[in-house]
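Protein chains: 4
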Amino acid sequence: MSGNTLGKSFRVTNYGESHGPAIGAVIDGCPPGLELSEQDIQFELDRRRPGTSRHVTQRREPDQVEILSGIYEGRTTGTPISLLIRNSDARSKDYGNLLDTFRPGHADYTYWKKFDNRDPRGGGRSSARLTAPTVAAGAIAKKWLAEHVGVKIRGYMSQLGPIAIPFKSWDMVEQNPFYAPDLDVVPQLEAYMDELRKEGESIGARIEVVAEGVPAGWGEPIYDRLDADIAHAMMGLNAVKGVSIGAGFDCITQKGSEHGDALYPDGFKTNQAGGVLGGISSGQAITVSLAIKPTASIRTLRPSINRAGEAVEVQTLGRHDPCVGIRATPIAEALLAIVLMDHCLRHRSQCGV
Amino acid sequence: MSGNTLGKSFRVTNYGESHGPAIGAVIDGCPPGLELSEQDIQFELDRRRPGTSRHVTQRREPDQVEILSGIYEGRTTGTPISLLIRNSDARSKDYGNLLDTFRPGHADYTYWKKFDNRDPRGGGRSSARLTAPTVAAGAIAKKWLAEHVGVKIRGYMSQLGPIAIPFKSWDMVEQNPFYAPDLDVVPQLEAYMDELRKEGESIGARIEVVAEGVPAGWGEPIYDRLDADIAHAMMGLNAVKGVSIGAGFDCITQKGSEHGDALYPDGFKTNQAGGVLGGISSGQAITVSLAIKPTASIRTLRPSINRAGEAVEVQTLGRHDPCVGIRATPIAEALLAIVLMDHCLRHRSQCGV
Amino acid sequence: MSGNTLGKSFRVTNYGESHGPAIGAVIDGCPPGLELSEQDIQFELDRRRPGTSRHVTQRREPDQVEILSGIYEGRTTGTPISLLIRNSDARSKDYGNLLDTFRPGHADYTYWKKFDNRDPRGGGRSSARLTAPTVAAGAIAKKWLAEHVGVKIRGYMSQLGPIAIPFKSWDMVEQNPFYAPDLDVVPQLEAYMDELRKEGESIGARIEVVAEGVPAGWGEPIYDRLDADIAHAMMGLNAVKGVSIGAGFDCITQKGSEHGDALYPDGFKTNQAGGVLGGISSGQAITVSLAIKPTASIRTLRPSINRAGEAVEVQTLGRHDPCVGIRATPIAEALLAIVLMDHCLRHRSQCGV
Amino acid sequence: MSGNTLGKSFRVTNYGESHGPAIGAVIDGCPPGLELSEQDIQFELDRRRPGTSRHVTQRREPDQVEILSGIYEGRTTGTPISLLIRNSDARSKDYGNLLDTFRPGHADYTYWKKFDNRDPRGGGRSSARLTAPTVAAGAIAKKWLAEHVGVKIRGYMSQLGPIAIPFKSWDMVEQNPFYAPDLDVVPQLEAYMDELRKEGESIGARIEVVAEGVPAGWGEPIYDRLDADIAHAMMGLNAVKGVSIGAGFDCITQKGSEHGDALYPDGFKTNQAGGVLGGISSGQAITVSLAIKPTASIRTLRPSINRAGEAVEVQTLGRHDPCVGIRATPIAEALLAIVLMDHCLRHRSQCGV
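Here it is in structure tokens:
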């Protein structure tokens, strides 16, 4: 059984390894007629790209995307769109000492148990580098949803380790490398990250993603609910350990009168539901939270085992993100876009197809 | 597009409405040779059944399951297993006044926007009654996994509204109607629920589900990860607003050295990962948490609108669960069983098929 | 892996065994708003029903369908439609002597090799009885396509063993038990069948199915072409050994100028393509031919083996169709309806959804 | 809805247009551990390649495949295998005059009706050039099946227009550009083709494909039968108008005693079934026949219409295959390999996984 395809109507098939020749995605199901250029996709890839600030991995990848199919005279034709990103800065030697060892918190051990072999170069397929094709595919979904339905998808970081980040404005989000919605907190975040790097440590984070303009009526009653598909996509992202919608885990202590959003002739006035009721969109903003674990790659020596099952100590050198959460915002946006596009196509009268 | 099927290799298709003639499921993909009787399934259905204590809905449903296919001489044949549960105690008149009105926090509004019509009797398809076929299907998965792989799936309530429930023992879980793992807390839970019923209110809860004995190697690297599929199944359950694995949202404030579970020659000693690394099972216990919202059906008058968009006030009478979380434990166990069985079948050498 | 579901957007999941408690289907993806009663479905089931003439199996089955879900106040709601048909006249003893033996031309041997066990009563799941749920599901697709798109699906027998049946009129088709489009040939067909029964033999047949009114534009370019999905559905029908579209195998000797249907401002004037070009409907009638093998159940003694691999002789008594082709017409119509409905739903602007 | 993926367990997603930058496929589900190089795939691509004799299109394409992912140190890792073939000899001007016109027998008209736009360069996605990624993917399936199960898949041409080609030997098949199993007929075939080219005409053909060594037990009882999936794959190939298994359309005139293959302790002695009984492989050779229509691209002037619906005359110049059947043999082999691999993976105990 495979498993590398996301979506049923808008299908994204992801391929590639961190240090193989290339990574990419084939998108099957994009409707014809969308104006689409490599620049449209590049814009989102650049938001995710490594090496853009001192707080993320220093691997230098241009992440230049090439569209191989599905476009004619600047517009989608309705046939599969193949996206190719060549790997360029692949220093495999950085990982050479890890061939035989399982890094704690990494997928090394589980890949080996599943496949009996693995590509150890840069984590192979388990590398966060494989989120680039997802971002590229999401860029297409995002553009379609914006132009044909008026959906706006944005995200931000709401917490970095112990530092909660209050929401001040969407404008601030793109003005700092953390996707923090409050510029005043940024110096504190930078100081925290500088300290962390010195320690050779990593840290978790919390990301919020919001989709506005989704019409009521998207989703299915049972199993393939809109919120279920969002949870699937988000929990499928490297390092995510928790997903919630609307009030999320706060609903545990809420009473019914507090949680249930009242309806008024001019719409809802609260959004505890996070835009989904009974698995179907309500027309309110869809609000999603993600818990992102600290990167497993740390310089600290850790106890582990090798393939023979013997005790060893592991230290991960190479170039890594001390907080994968920092680059997670554009990826989470892309995933939400893909899920929404997938459901949009099942409700074509609302989707403009 | 449909959406009422869970799983790819072990496929559960769910049908029915709360007050229609029957509810049920067709399970496609169960391997041949499993000893299976209606009693096996009934046992799990009875754990979920309404009307068993004063803290849950007083609707009386025997929930008697009939196996229509897929069994010959007491064993599965490998062909689809069709399970039928007749609805008996369907007092549709209880809901008559809600035909034209949307209950806040319910799927009434979103179903109407999606389908342009809906079966209002007892919430129709959005009723929690439709979790019964899921539980029945899960009973089959649970039995297979226990007998062929040695997987043990159990759950409990860890919080009811403001009351945290410490874990004392698995034995206690089945000895009280809350699935609480500490009998000492039960009187406090009962008092809380009695008060709540008087108020005509409802409350949220937190459920934990654990699968022990899952071999390392189940799951797929990208998108159809084991944790992603678990999140999909759980978030697809009525009233769930949050799902987490292992450390869950606590990982936000964890450092890498704290979160990453070290490997030792005799196995892991911590389980921050919750049994899944890089989307693939690690051989540790798989630990899942669910946040369950308070029931939307409350006696309190709430502002809402009718189909004409005019302001109305709604009060839900009928028979309801003031805390759907109370009956959620066996359902969450069933969902985890279905997802694990689905992945088991993709790794047949480990699954005994 | 499962396999008992037909369609991607209009999904029919089939369950049951010939002599188990019941057979049926769950249809997921039927749009809301279709007027639908048990009578609508019964009409098509009665066309397929056994025991209606001396030329088909004398098994007496009322084949009474019950709708268990998906309907409210006489209309589909958009949720799964569950259809139940109880088995009543199940004389299992007729097959008792075959428990250990593989009947030549039957699926006995292959089921045993695949599943390691099998339900031998009446062929279990391999019985042609399992086409009843397909016909029931097809009745829904047929009704939708007729009412919402104006598609008309009809079929007839064009050859019975050595006897070619010329096409005279659609009216004649429903006036004889063979679905022959020429009443003058019927006496010849009856005499042939009477002779065949005396011999204890069976015979093949050829069926034609035609869908008129399908708009241009249904189908996908590669792999899931409309003709590919038709071939899949038809070859999935018991006893079918060949499927063709339009000119079919005659195209082997055709030249390009003869085969390619010229386009004129007022439409096509020939239909060698059978209504499909490049996998996509052209707006012409879709024409499909099926080759149906002679029933494997014959009274003649045949050499075979038992489960121990020893030589035995087998004679099939019980009640059988000496020509399964006779009852194949309504089934083939149902399959074409399901495939067309499945593609219709992917082109909603044309489908009225 | 998409549609460009073949298979459920071994999934081949095909992308590209005849004159776009590249064509290719992503294969998801190939088990780990298979030795695989670009040479292995190139061998099959070269068998299909255009420009290899005067009887096929003179387009010169090296069809050089590049493996982008899924391989580490010469072996598959179990992750998706991405295959890239650059288009090099794309003379788009050859087709310029056809931008506005629909060529009879081509998909021009139906694509335009479906997508509202199309890539007219070389037929865009409807070009037979898109069979190259299928052949490349099939090469992997073929190699796996040969090495792990001992399955041998071969094909040949059995008829070219009016000329029937008797089967003499497998050895002869690869010694002539027609894949004819009788070298003595080759001069006649060459003379026929030379004459045809002078006329500016095209012709149909019949292809046989045979898989030996398939164990009994592959396939599913209903709908996703092995023969149904074979029919789906084959009818999904450009220009195929008919597919049959075993006796095929000859079964129409067969009696039961003639068609049903008797079983003996040392196996079957006839193979009317073509290796499939009740949708499941019987252990005999799987034998498939295809009817391939004459190429639609002919030099003869044909009546047609343009996008405005006005009458025009069309003549197809460019470089074309006067008999697409000539290059169809390796493609049909690839499709059969993909379908068998897909079913193999659902029966892992027999598949060596």
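Line by line, the protein sequences give chains A, B, C and D. First residue of the first sequence: 156, per this note's numbering; consecutive thereafter. First residue of the second sequence: 156, per this note's numbering; consecutive thereafter. First residue of the third sequence: 156, per this note's numbering; consecutive thereafter. First residue of the fourth sequence: 156, per this note's numbering; consecutive thereafter. From the three backbone atoms N, C-alpha and C, an ideal C-beta is built for every residue, glycine too.
Pick from the options that is closest to residue i, judged by C-alpha positions
| i | options | result |
| --- | --- | --- |
| D:Q197 | D:T289, D:T256, D:D271 and D:R352 | D:T289 |
| A:S164 | C:S412, C:M389 and C:E375 | C:E375 |
| B:G434 | A:L300, A:D263, A:R457 and A:D337 | A:D263 |
| A:T450 | A:H210, A:G401, A:Q330 and A:E345 | A:H210 |
| C:K448 | C:V469, C:F423, C:E216 and C:V398 | C:V398 |
| D:I140 | C:K307, C:C499, C:C478 and C:G305 | No answer is possible for residue 140 of chain D: it lies beyond the span of chain D, which begins at 156 and ends at 508. |
| D:P235 | A:S452, A:I377 and A:L285 | A:L285 |
| C:G464 | C:V167, C:K424, C:T212 and C:K268 | C:K268 |
| C:G184 | B:G368, B:H261 and B:F270 | B:F270 |
| B:E468 | B:T455, B:A292, B:H475 and B:D476 | B:T455 |
| C:D379 | D:G372, D:Q409 and D:L392 | D:L392 |
| C:V494 | C:D349, C:K410, C:A294 and C:I453 | C:A294 |
| A:D339 | A:G233, A:W299 and A:F322 | A:F322 |
| D:R280 | A:R280, A:W325, A:T231 and A:V328 | A:T231 |
| A:G403 | A:K353, A:N331, A:Q427 and A:A394 | A:Q427 |
| A:P317 | A:R361, A:L254, A:M327 and A:A394 | A:R361 |
| B:V220 | B:D476, B:A283 and B:R203 | B:R203 |
Minimum Cβ-Cβ distance from residue i to chain D less than 8 Å
| i | result |
| --- | --- |
| A:L191 | no |
| C:F404 | yes |
| C:E375 | yes |
| A:P217 | no |
Beta carbon proximity, residue i to chain C, threshold 8 Å
| i | result |
| --- | --- |
| D:Q314 | yes |
| D:S237 | no |
| D:A487 | no |
| D:H261 | yes |
| B:D274 | yes |
| D:A451 | yes |
Neighbour flag for residue i against chain A, beta carbons, 8 Å
| i | result |
| --- | --- |
| C:T234 | yes |
| B:F257 | yes |
Interface flag, residue i vs chain B, CB-CB below 8 Å
| i | result |
| --- | --- |
| C:N393 | no |
| C:G277 | no |
| C:S243 | no |
| A:P321 | no |
ask   = Any contact of the region 450-469 of chain B with the region 414-426 of chain A, i.e. 3+ C-beta pairs under 8 Å?
value = In short, these stretches touch, since the Cβ pair count reaches three.
query = When Cβ atoms are compared, which residues of the region 281-311 of chain B fall closer than 8 Å to chain A?
reply = S281 and L285
request  = Say whether the region 348-357 of chain B touches the region 379-388 of chain B, bearing in mind that this needs 3 or more beta-carbon pairs closer than 8 Å, one atom from each stretch.
outcome  = no
ask   = Listed in chain order, which residues of the region 399-427 of chain B have Cβ atoms closer than 7 Å to some Cβ of chain A?
value = S399, I400, G401, A402, G403, F404, C406, I407, T408, Q409, K410, G411, S412, H414, G415, D416, A417, L418, Y419 and P420
ask   = Given a limit of 8 Å on CB to CB distance, which residues of the region 172-185 of chain B reach chain C?
value = E172, G175, P176, A177, I178, G179, V181, D183 and G184
ask   = Is there contact between the region 438-445 of chain B and the region 178-197 of chain B, where contact requires at least three CB pairs shorter than 8 Å?
value = Output reads no: the region 178-197 of chain B does not touch the region 438-445 of chain B.
inquiry  = My parser needs the alpha helix (DSSP H) runs of 4 or more residues fully inside the region 374-409 of chain B; what are they?
reply    = Qualifying alpha helix (DSSP H) stretches, in chain order: 381-390.
Validate contact between the region 264-278 of chain D and the region 215-225 of chain D using beta carbons, cut 8 Å, 3 pairs = Touching, no.
key: Residues, ordered as in the chain, of the region 341-369 of chain B that lie near chain A by beta-carbon distance below 7 Å   = E356, S357, I358, G359, A360 and R361
task = Report yes or no: do the region 486-493 of chain A and the region 330-349 of chain A share at least 3 C-beta pairs separated by less than 8 Å?
result = Contact fails: fewer than three Cβ-Cβ distances are below 8 Å.
message = As an exercise, report each continuous beta strand (DSSP E) stretch of at least 3 residues that is fully enclosed by the region 449-500 of chain B, in chain order.
response = 457-460 and 466-469
query = Which ranges would you report for the beta strand (DSSP E) in the region 159-219 of chain C if only whole runs of at least 3 residues count?
reply = The qualifying runs are 166-171 and 177-183.
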